[in-house]
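S.K.: Protein chains in written order, with our numbering: chain L, -3 to 203; chain F, -3 to 203.
Don't be surprised by glycine CBs; every beta carbon is placed ideally from N, CA and C.
Here you go, one structure.
And the structure:
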């Protein structure tokens, strides 16, 4: 089973690293990372970048694709016909097509969400419908072979669930224990429904 | 306030990316990434690497240092006198010295945990005492200006708490909402106490 992590300029690194640190640990899988030209992709923060093992031209099929979100870089990727063509090609026979955060906008731009239920970062829910999907508020949404996760950290939950589907509950549990994923968030404000209007407004100014 | 994310060959990427995606969003902070020679550091998975903005030689002071863990690469870093010298220098006047997972073993090797309470990945707790610390089982431990977090994903919780200390609860809450950190782990097995012996054994074979 070949798992592909897609990297592009301006991605949110936690979107892809959450699934990377879960799915790369699956037994009997070949995990690789792909950027447009095989070079590194700078994070939306500008603080560090991610290097790829492959260029898009090296890879024409996969079993699992993971597409991360980001801010401005995501809209550029979702408007890049070379990227969209490659996503359509590489997923033509994929078992699972997945996204985290606004990565679903890229899947939508590639035409992969037409008529499907899907989710994204809470601040992008209205945009998602514009990309042909039926937008659903949920930690992650499965519709056929497409799995879309909510914002940033939701990729960890999505990936552990997918690991269980691929390799069984016990392997997924071993990976969850391995990354000591026993979350203890200091505040109960990780969704708009819990955070309230003042924190929502502040979040929109921080990102 | 200058925040430094330290990168080295063989690190566990989620250890550093969790804090990166929290602390890089703090207002009025300069966040940078540092590797030994300024080049990229490959993940312990071999699937992708992280690029740095600076080499160790470029940076001789910081306000916050974050040191990630890893597997074999961590022991190599903890035995690298150039790295240990740099960590001692760069933290001499630091406000906060932090680690995630087995990153605490590197802090310990640098002599920064002598007589301090500290934590690490559950599988490395016995080793931590060998590096001079008083090993404590907790999601994160603060002792003076040193904060050590438990395994891998614990860096997210640690970083949000630190963000609250640095910039106040409302900013930290806005960042938590921004990364939609409303965790919904599919299993309740993220610590050894919850996982049981069979999953512990399997986790040790997966990593």
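Which partner residues does residue 138 of chain F have in the DSSP bridge list?
M.R.: DSSP, once it has assigned bridges, lists F/143 as partnering residue 138 of chain F.
S.K.: Can you grab the Cα-Cα spacing for the pair residue 6 of chain L / residue 71 of chain L, in whole Å?
M.R.: Computed Cα separation, rounded: 10 Å.
S.K.: Would you mind giving the Cβ-Cβ distance between residue 47 of chain L and residue 103 of chain F, rounded to the nearest angstrom? I have them listed as a contact below 8 Å.
M.R.: The pair is not a contact, with the Cβ atoms about 26 Å apart (cut-off 8 Å).
S.K.: Measuring CB to CB, does residue 56 of chain L end up less than 9 Å from residue 186 of chain F?
M.R.: No, the Cβ-Cβ distance between residue 56 of chain L and residue 186 of chain F is not below 9 Å.
S.K.: Are the beta-carbon atoms of residue 27 of chain F and residue 41 of chain L separated by less than 9 Å?
M.R.: Going by C-beta atoms, residue 27 of chain F is nearer than 9 Å to residue 41 of chain L.
S.K.: Report yes or no: is there a C-beta of chain L within less than 9 Å of the C-beta of residue 8 of chain F?
M.R.: Chain L contact via Cβ: present.
S.K.: Which residue from F/146, F/138, F/53, F/4 puts its Cα closest to that of residue 111 of chain F?
M.R.: The candidate whose alpha carbon is nearest that of residue 111 of chain F is F/138.
S.K.: How big is the Cα-Cα spacing for residue 107 of chain F and residue 121 of chain F?
M.R.: Cα-Cα distance, rounded: 17 Å.
S.K.: Determine the contact status of residue 96 of chain L and residue 147 of chain L, defining contact as a CB-CB distance below 9 Å.
M.R.: Result yes, Cβ atoms of residue 96 of chain L and residue 147 of chain L sit closer than 9 Å.
S.K.: Tell me residue 87 of chain L's beta-bridge partners as DSSP assigns them.
M.R.: Residue 87 of chain L is not bridged to any residue.
S.K.: Return yes when the Cβ of residue 132 of chain F is within less than 9 Å of the Cβ of residue 98 of chain F, no when it is not.
M.R.: No. Outside cutoff.
S.K.: So, are the CB atoms of residue 159 of chain F and residue 61 of chain F less than 9 Å apart?
M.R.: Contact flag unset, no.
S.K.: Under a three-way DSSP split, which group does residue 112 of chain L fall into?
M.R.: Correct three-state label for residue 112 of chain L: coil.
S.K.: Compute the Euclidean distance between the alpha carbons of residue 194 of chain L and residue 174 of chain L, then round it to the nearest angstrom.
M.R.: Roughly 36 Å separates the two Cα atoms.
S.K.: I need the straight-line Cα distance from residue 87 of chain L to residue 201 of chain F, nearest angstrom please.
M.R.: Going from the Cα of residue 87 of chain L to the Cα of residue 201 of chain F covers about 31 Å.
S.K.: Residues of chain L with CB closer than 8 Å to the CB of residue 32 of chain F, please, in chain order.
M.R.: Going along chain L, no residue has its Cβ under 8 Å from residue 32 of chain F, so there is no contact; the nearest lies around 15 Å.
S.K.: Does DSSP put residue 50 of chain L in a helix, in a strand, or in coil?
M.R.: Residue state, collapsed to three classes: strand.
S.K.: Any idea what DSSP makes of residue 183 of chain L, helix, strand or coil?
M.R.: Coil at residue 183 of chain L, not helix or strand.
S.K.: Using a Cβ-Cβ distance cut-off of 9 Å, determine whether residue 28 of chain L contacts chain F.
M.R.: Output row for residue 28 of chain L: interface = yes.
S.K.: Give the interface partners of residue 148 of chain F over in chain L, defined as CB-CB distance under 9 Å, in chain order.
M.R.: Those are 17, 174, 175, 176, 177, listed as they occur along chain L.
S.K.: Do you know how far the Cα of residue 36 of chain F is from the Cα of residue 49 of chain L?
M.R.: Answer to the nearest angstrom: the Cα atoms are 13 Å apart.
S.K.: Would residue 23 of chain F pass as an interface residue toward chain L - the criterion being a Cβ-Cβ separation below 9 Å?
M.R.: Cβ-Cβ to chain L under 9 Å: yes for residue 23 of chain F.
S.K.: Considering only the alpha carbon of each residue, which of L/19, L/191, L/84 lies closest to residue 161 of chain L?
M.R.: Measuring from the Cα of residue 161 of chain L, the nearest candidate turns out to be L/19.
S.K.: With H, G and I counted as helix, E and B as strand and the rest as coil, what does DSSP make of residue 75 of chain F?
M.R.: Of the three classes helix, strand and coil, the one that applies to residue 75 of chain F here is coil, per DSSP.
S.K.: Would you decide whether residue 75 of chain L is buried or exposed? Buried here means 16 or more other CB atoms lie within 10 Å of its CB.
M.R.: Residue 75 of chain L comes out exposed.
S.K.: Would you call residue 176 of chain L buried or exposed, if buried means 16 or more other Cβ atoms sit within 10 Å of its Cβ?
M.R.: With 16 or more Cβ atoms within 10 Å of its Cβ, residue 176 of chain L is classed as buried.
S.K.: In the DSSP assignment, the beta strand (DSSP E) including residue 3 of chain F goes from what residue to what residue?
M.R.: Start and end: -2 to 3.
S.K.: For residue 152 of chain L, tell me which candidate among L/15, L/-2, L/203 has the shortest Cα-Cα distance.
M.R.: When only C-alpha atoms are compared, the closest one is L/15.
S.K.: Just checking: is the beta-carbon of residue 60 of chain L within a distance shorter than 9 Å of some beta-carbon in chain F?
M.R.: Output row for residue 60 of chain L: interface = no.
S.K.: Given a cut-off of 9 Å on the beta-carbon distance, is the pair residue 203 of chain F and residue 165 of chain L in contact?
M.R.: No, these two residues do not count as a Cβ contact at 9 Å.
S.K.: Going by DSSP in three states, residue 20 of chain F sits in which element: helix, strand or coil?
M.R.: Of the three classes helix, strand and coil, the one that applies to residue 20 of chain F here is coil, per DSSP.
S.K.: Mind reading off the beta-carbon distance from residue 170 of chain F to residue 39 of chain L? Whole number of angstroms is fine, and I expect it under 8 Å.
M.R.: Incorrect: roughly 19 Å between the Cβ atoms, too far for contact.
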